[in-house]
Amino acid sequence: MSARRHRARRVVQILVLVLGTLVPWTGFFRIDAPGVRVVYLGTSYPLEWPYVLGMIIPFLVGVWALALLSYLKGRVFCGWACPYGSLVEFFEGLRTAAGWGSNRLVAAWMRRSPLHRLGLRAGALLTLAIAPLVLGASLAAYLYPPARILHELGSPLDLRNHGQVVLWAWMAFVLVSSWLAGFLVRFHFCRMVCIYGMGQAMAASAADPARVLRPRYRPEDLGACGSCQACLKACFVEVDPRDTDLQLGFSAGCFNCGDCVDVCETVQGHKGRPSLLTFERPAPRRKAPRVEDSGASW
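Numbering (the working numbering), first residue to last: 2 to 299.
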């Protein structure tokens, strides 16, 4: 069985990150804070009524769409499209290059030869330096003219230039914060702090537990797994997907990424057996036909 969900999830994550990075630079949408204006599709408008509706309406639609998605599919946004979660996942490769992570592809590459290990670690250090700066510049471009950002970053630092000093302070903050998030905080933020994650958990908890989308373990006990722990190793939020009381959301909850089901399909497929984990919902129980009491007296 192929890891089709994992590949599809990676495509979605990369698209979300790329689009989120390019949006302010292309003029699709950004706020010009110094000029108190808003830019839609390359056209600038005053940041006042009714032009602010272009921000309010998409925000409200997005919130309700996210609530509906969470009600139907659980905390799937966190596992498939959350920019923070995606960056922390990709950061796992950098942690592995540093000797702390568990990314299997990076670990296998490093075991090939000392030259592979050296080249990968050099690339990881370069990524640690450049990627946060690109992220910081893109986030700043949502509130500051992109041309001005490029000019300030490309000019020698002048402490008398208040705007340039603030911009470089912001870049340093993003750089340090990204390292802390990737190396230390990681998914603890999602479990204990993220208000969007809490909202998704609340929406998912309102659905029928028997019908909500989540990984389900088919056998009645863990004996069918033997010594295999592939699904536990594949889970980046460190939950046991075989748990019958698996939660979808806040605290130690499942993100419905599908990696555990993919790896179980692969392992069991090599044995010629069906996957022990599945996303299939149990068939709804049929109500017993109501029997009329013919002897009832009136």
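Every residue gets a Cβ at the ideal spot worked out from N, C-alpha and C, and that includes glycine.
The structure displayed is predicted, hence computed values, not measured ones.
**Message:** If you reduce the DSSP assignment to three classes, tell me which class Arg113 lands in.
**Reply:** Here Arg113 sits in coil by DSSP.
**Asked** Assuming Ile32 contacts Leu48 under a Cβ cut-off of 8 Å, what Cβ separation, rounded to an integer in Å, is found between them?
**Response** Yes, they are in contact, since the Cβ atoms of Ile32 and Leu48 sit about 7 Å apart, within 8 Å.
**Asked** What do you get for Thr97, buried or exposed, if any count of 16 or more other CB atoms within 10 angstroms of its CB means buried?
**Response** With 16 or more Cβ atoms within 10 Å of its Cβ, Thr97 is classed as buried.
**Asked** Taking DSSP as the reference, what is the three-state secondary structure of Thr279?
**Response** In the three-state DSSP reduction, Thr279 falls in the strand class (E or B).
**Request:** State the beta-bridge partners of Val39 as determined by DSSP.
**Result:** Secondary-structure assignment with DSSP links Val39 through a beta bridge to Ile32 and Tyr46.
**Request:** Classify Ser156 as buried or exposed, calling it buried when 16 or more other Cβ atoms lie within 10 Å of its own Cβ.
**Result:** Exposed.
**Asked** Which residue from Arg38, Leu127 and Phe174 puts its Cα closest to that of Phe92?
**Response** Nearest to Phe92 by alpha-carbon distance, out of Arg38, Leu127 and Phe174, is Leu127.
**Prompt:** Can you tell which of Ser276, Phe188, Ala4 and Arg122 has its C-alpha closest to the C-alpha of Pro220?
**Reply:** It is Ser276 whose Cα lies nearest to the Cα of Pro220.
**Pro216 versus Gly164, Val240, Met193 and Met199, residue with shortest Cα-Cα distance** = That would be Val240, whose Cα lies nearest to the Cα of Pro216.
**Prompt:** Helix, strand or coil: which one does DSSP assign to Arg149?
**Reply:** Correct three-state label for Arg149: helix.
**Prompt:** Which value, in whole angstroms, describes the spacing of the CA atoms of Pro51 and Val39?
**Reply:** Going by the C-alpha atoms only, they are around 11 Å apart.
**Message:** For the alpha helix (DSSP H) containing Leu144, name the first residue and the last one.
**Reply:** No alpha helix (DSSP H) holds Leu144; DSSP gives it neither H nor E.
**Asked** Could you check where the alpha helix (DSSP H) with Glu239 kicks off and where it finishes?
**Response** DSSP places Glu239 in no alpha helix (DSSP H); its state is neither H nor E.
**Message:** Quick check on Arg5: does DSSP put it in helix, strand or coil?
**Reply:** If DSSP states are grouped into helix, strand and coil, Arg5 belongs with the helices.
**Item:** Separation of Leu214 from Glu281, as counted between CA atoms
**Value:** In this model, Glu281 and Leu214 are separated by some 8 Å (Cα to Cα).
**Prompt:** In terms of residue numbering, what span does the alpha helix (DSSP H) encompassing Glu90 cover?
**Reply:** Unbroken alpha helix (DSSP H) run through Glu90: Pro84 to Ala98.
**Prompt:** Alpha carbon to alpha carbon, how far is Ala4 from Leu54?
**Reply:** Going by the C-alpha atoms only, they are around 42 Å apart.
**Message:** My output table needs one value for Leu20: the three-state DSSP class, helix, strand or coil.
**Reply:** In the structure shown, Leu20 sits in a helix (DSSP, three-state: H, G or I).
**Asked** So does the stretch 74-94 actually touch the stretch 13-31, counting three or more Cβ pairs closer than 8 Å?
**Response** Yes, the stretch 74-94 is in contact with the stretch 13-31.
**Asked** Under 7 Å, do Tyr218 and Leu136 count as touching if we go by C-beta distance?
**Response** Between Tyr218 and Leu136, the C-beta gap is not smaller than 7 Å, which leaves the two residues out of contact.
**Message:** In the DSSP output, what is Tyr1 paired with across the bridge?
**Reply:** Limits of the chain in this structure are 2 at one end and 299 at the other, which puts residue 1 out of reach.
**Asked** Going straight from the alpha carbon of Ala205 to that of Gly75, what length do you get?
**Response** The C-alpha of Gly75 is placed about 5 Å away from the C-alpha of Ala205.
**Item:** For Ala125 and Leu106, believed in contact at Cβ under 8 Å, the rounded distance
**Value:** Rounded, the Cβ-Cβ distance is 13 Å, inconsistent with contact.
**Prompt:** Could you give the uninterrupted runs of the alpha helix (DSSP H) lying entirely in the stretch 160-229, keeping only those of 4 residues or more?
**Reply:** DSSP runs (the alpha helix (DSSP H)) wholly in the stretch 160-229: 163-181, 189-193 and 196-206.
**Message:** Give me the residue from Gly254, Ser179 and Arg243 with the minimum Cα distance to Asp222.
**Reply:** If you compare the alpha carbons of Gly254, Ser179 and Arg243 with that of Asp222, the shortest gap goes to Arg243.
**Asked** Exposed or buried, which one is Val64 when buried takes at least 16 other CB atoms within 10 Å?
**Response** Here Val64 is exposed, its C-beta having fewer than 16 other C-beta atoms within 10 Å.
**Item:** Euclidean distance between Cα positions of Leu23 and Val166
**Value:** Approximately 24 Å between the Cα atoms of the pair.
**Message:** Rounded to the nearest angstrom, what separates Gly100 and Leu121 at their Cα positions?
**Reply:** If you take the alpha carbons of Gly100 and Leu121, they lie about 11 Å apart.
**Prompt:** Among Glu90, Gly28, Leu69 and Ala68, which has the Cα closest to the Cα of Asp260?
**Reply:** It is Glu90 whose Cα lies nearest to the Cα of Asp260.
**Cut-off 7 Å between Cβ atoms - residues of its own chain near His117, not counting five sequence neighbours on either side** = Correct list, in chain order: Trp110 and Met111.
**Prompt:** Contact check, Arg10 vs Cys258 under 8 Å by CB: the rounded distance?
**Reply:** At roughly 6 Å, the Cβ-Cβ gap stays under 8 Å, so Arg10 and Cys258 are in contact.
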